[in-house]
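Asks:
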Amino acid sequence: MGSDNHLSTSEDSKITTQASHHVRVVDNEEREEEASPLEVSIPIQSAAETTSIGRRKIHKVPSLLRVNKEHLYTPVAVSLGPYQCGRSQFPQVEDYKVEILDSFIAANAPKDKGFFCSKIFERVDEIRGHYDQEGSTDELNDEAFAEMILLDTCFIIYFMKCRAEKMIERLYVFRQRIGWLAYRFVIMDLFKLENQIPLWVINLLYALIFDDQDNGEALVCNYLSKILNVEYNYHVVQQIIRAGGNEPPLHLLEATQRVLLGQPSNIESDPAGCLAEILKLIKGRWRRKRAETESVFKQLSHPFVLLQISKQKAFVL
Numbered sequence: 001m002g003s004d005n006h007l008s009t010s011e012d013s014k015i016t017t018q019a020s021h022h023v024r025v026v027d028n029e030e031r032e033e034e035a036s037p038l039e040v041s042i043p044i045q046s047a048a049e050t051t052s053i054g055r056r057k058i059h060k061v062p063s064l065l066r067v068n069k070e071h072l073y074t075p076v077a078v079s080l081g082p083y084q085c086g087r088s089q090f091p092q093v094e095d096y097k098v099e100i101l102d103s104f105i106a107a108n109a110p111k112d113k114g115f116f117c118s119k120i121f122e123r124v125d126e127i128r129g130h131y132d133q134e135g136s137t138d139e140l141n142d143e144a145f146a147e148m149i150l151l152d153t154c155f156i157i158y159f160m161k162c163r164a165e166k167m168i169e170r171l172y173v174f175r176q177r178i179g180w181l182a183y184r185f186v187i188m189d190l191f192k193l194e195n196q197i198p199l200w201v202i203n204l205l206y207a208l209i210f211d212d213q214d215n216g217e218a219l220v221c222n223y224l225s226k227i228l229n230v231e232y233n234y235h236v237v238q239q240i241i242r243a244g245g246n247e248p249p250l251h252l253l254e255a256t257q258r259v260l261l262g263q264p265s266n267i268e269s270d271p272a273g274c275l276a277e278i279l280k281l282i283k284g285r286w287r288r289k290r291a292e293t294e295s296v297f298k299q300l301s302h303p304f305v306l307l308q309i310s311k312q313k314a315f316v317l
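The letter at position 79 of the sequence shown is residue 79 when you use the UniProt record's numbering, and the numbering goes up by one with no holes.
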């Protein structure tokens, strides 16, 4: 009995200790939730970690998926963002990035490079939070990271603007400066997953460069409507992107996915009903093609056809 009492007393004390420890943990969590992120009492490292929780990321492609498909994920002509920084196979493209940045700065005098870098630097932790930090963003300090984002984003804005607004003379100079082969690769490189810049960063710099708070999103939509050769204008593309989810797309590849797989929820921008007819024709063509494909597969799967094919292969061998 004495030993039983001793065991029960120790177990009670253990439970009490665990319960008090649990209460203290919950209390700390509640205080952390109630605390403002601007409070001085929060450590810098913890604040940086809490800001990245729940944020969508531009992940690196797993090595298993890259087997025999490296060309699908690695940019060739232009490297954008921290994952592929400095890995372009065309040095003239990297040199042209600097020229484009210098032209933007010259057109925005008295704003200089330091002004634009400071605007990126103010939100550098937020931008870093969109990337896998280990082995990528941690290789650059904040100043170098902000300068890289500025350089790459200005290149994207310039290229999109030339293509979307059909600036023929500037596109001709663009091709002559980097070469026609590199130009074709640039178009593809902008859609590679590890080569993405957050769209809100593009909108931010667009507003600073052109003093326009609204047309950064329109530039992206206009570019996609031209480059994807879809059957509707950028207003409808914008509608599709906005209707694709509760949150705006994080990067250009996600916006492209929404445009290719989505469809407009209404046709207010198409009062004549032309868009609805086009979509109906496209869907009808897809159904016919699918039916024809299924019919071919059924014919090929017939035992007599398989026997004839095997005989032909044996004859050829």
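The C-beta atom is built at its ideal place from N, Cα and C for all residues, glycine as well.
#1: Which of the three DSSP states is assigned to E30 in this structure?
#2: Given a cut-off of 8 angstroms, decide if L150 and F185 are closer than it, judged by their beta-carbon atoms.
#3: Once the 5 residues before and after F121 are set aside, which same chain residues still bring their CB inside 6 angstroms of it?
#4: How many Å lie between L219 and L205 at the Cα?
#5: When you compare the CB positions of F191 and L261, do they come within less than 8 angstroms of one another, or not?
#6: How big is the Cα-Cα spacing for S103 and D152?
#7: When you compare only the Cα positions, how much space is there between R170 and V78?
#8: Roughly how many whole angstroms lie between the Cα atoms of R55 and T74?
#9: What three-state label does DSSP hand Y83 in the structure shown?
#10: Enumerate in chain order the residues of its own chain whose CB-to-CB distance from C162 is below 7 angstroms, with the five nearest sequence positions on each side excluded.
#11: What residue range does the alpha helix (DSSP H) around G114 cover?
#12: Relative to the C-alpha of H59, which residue among I197, I187, F90 and A164 is closest?
#13: Classify I197 as helix, strand or coil using the three-state DSSP reduction.
#14: Evaluate A164 with the Cβ neighbour count: other Cβ atoms within 10 Å of its Cβ, from every protein chain shown; 16 or more gives buried, anything less gives exposed.
#15: Cβ atoms of K57 and Y131: under 8 angstroms apart, would you say?
#16: Is it buried or exposed, R24, if we count other Cβ atoms within 10 angstroms and call 16 or more buried?
#17: Give me whichever residues DSSP pairs with I58 in a beta bridge.
Replies: According to the structure data:
#1: Against the sequence shown, residue 30 aligns to sequence position 30. Only weak support is given to the placement of E30: the predicted model assigns it a pLDDT of 44, under 50, and the value that follows is read from those uncertain coordinates. E30: helix per DSSP, three-state reduction.
#2: As a working mapping, residue 185 is identified with position 185 in the sequence shown. As a working mapping, residue 150 is identified with position 150 in the sequence shown. Their beta carbons are not under 8 angstroms apart, which means F185 does not touch L150 by this criterion.
#3: The sequence position of residue 121 within the sequence shown is 121, counting from 1. Cβ neighbours of F121 beyond the five flanking positions: A146.
#4: The residue labelled residue 219 in the question sits at position 219 within the sequence shown. The residue labelled residue 205 in the question sits at position 205 within the sequence shown. The alpha-carbon atoms of L219 and L205 are separated by roughly 12 angstroms.
#5: Numbered from its first residue, the sequence shown carries residue 191 at position 191. Numbered from its first residue, the sequence shown carries residue 261 at position 261. Taking 8 angstroms as the Cβ cut-off, F191 and L261 do not qualify as a contacting pair.
#6: For the purposes of this step, residue 103 is taken as residue 103 along the sequence shown, with counting starting at 1. For the purposes of this step, residue 152 is taken as residue 152 along the sequence shown, with counting starting at 1. One C-alpha to the other measures close to 14 angstroms.
#7: Start at 1 with the first residue of the sequence shown, and residue 170 comes out as number 170. Start at 1 with the first residue of the sequence shown, and residue 78 comes out as number 78. Rounded to the nearest angstrom, the two C-alpha atoms are 18 angstroms apart.
#8: The residue given as residue 55 occupies position 55 in the sequence shown. The residue given as residue 74 occupies position 74 in the sequence shown. Approximately 24 angstroms between the Cα atoms of the pair.
#9: Here residue 83 corresponds to residue number 83 of the sequence shown, with the count starting at 1. Coil, per DSSP.
#10: In the sequence shown, counting from the first residue as 1, residue 162 sits at position 162. Taken in chain order, the residues that qualify are R170, L171 and F174.
#11: Against the sequence shown, residue 114 aligns to sequence position 114. Residues K113 to F121.
#12: Position 59 of the sequence shown, counted from the start, is the residue given in the question as residue 59. Closest by alpha carbon: I197.
#13: To locate residue 197, count along the sequence shown from 1; it is residue 197. Coil, per DSSP.
#14: Here residue 164 refers to the residue found at position 164 of the sequence shown. Burial call: buried.
#15: The count along the sequence shown starts at 1 and reaches residue 131 at position 131. The count along the sequence shown starts at 1 and reaches residue 57 at position 57. Contact: yes.
#16: Locating residue 24 in the sequence shown gives position 24, counting from the first residue. Residue placement at R24 cannot be trusted, given a pLDDT of 42 that sits under 50; what the coordinates show is reported in the next sentence. Result: exposed.
#17: Along the sequence shown, one-based indexing puts residue 58 at 58. I58 pairs with Y131.
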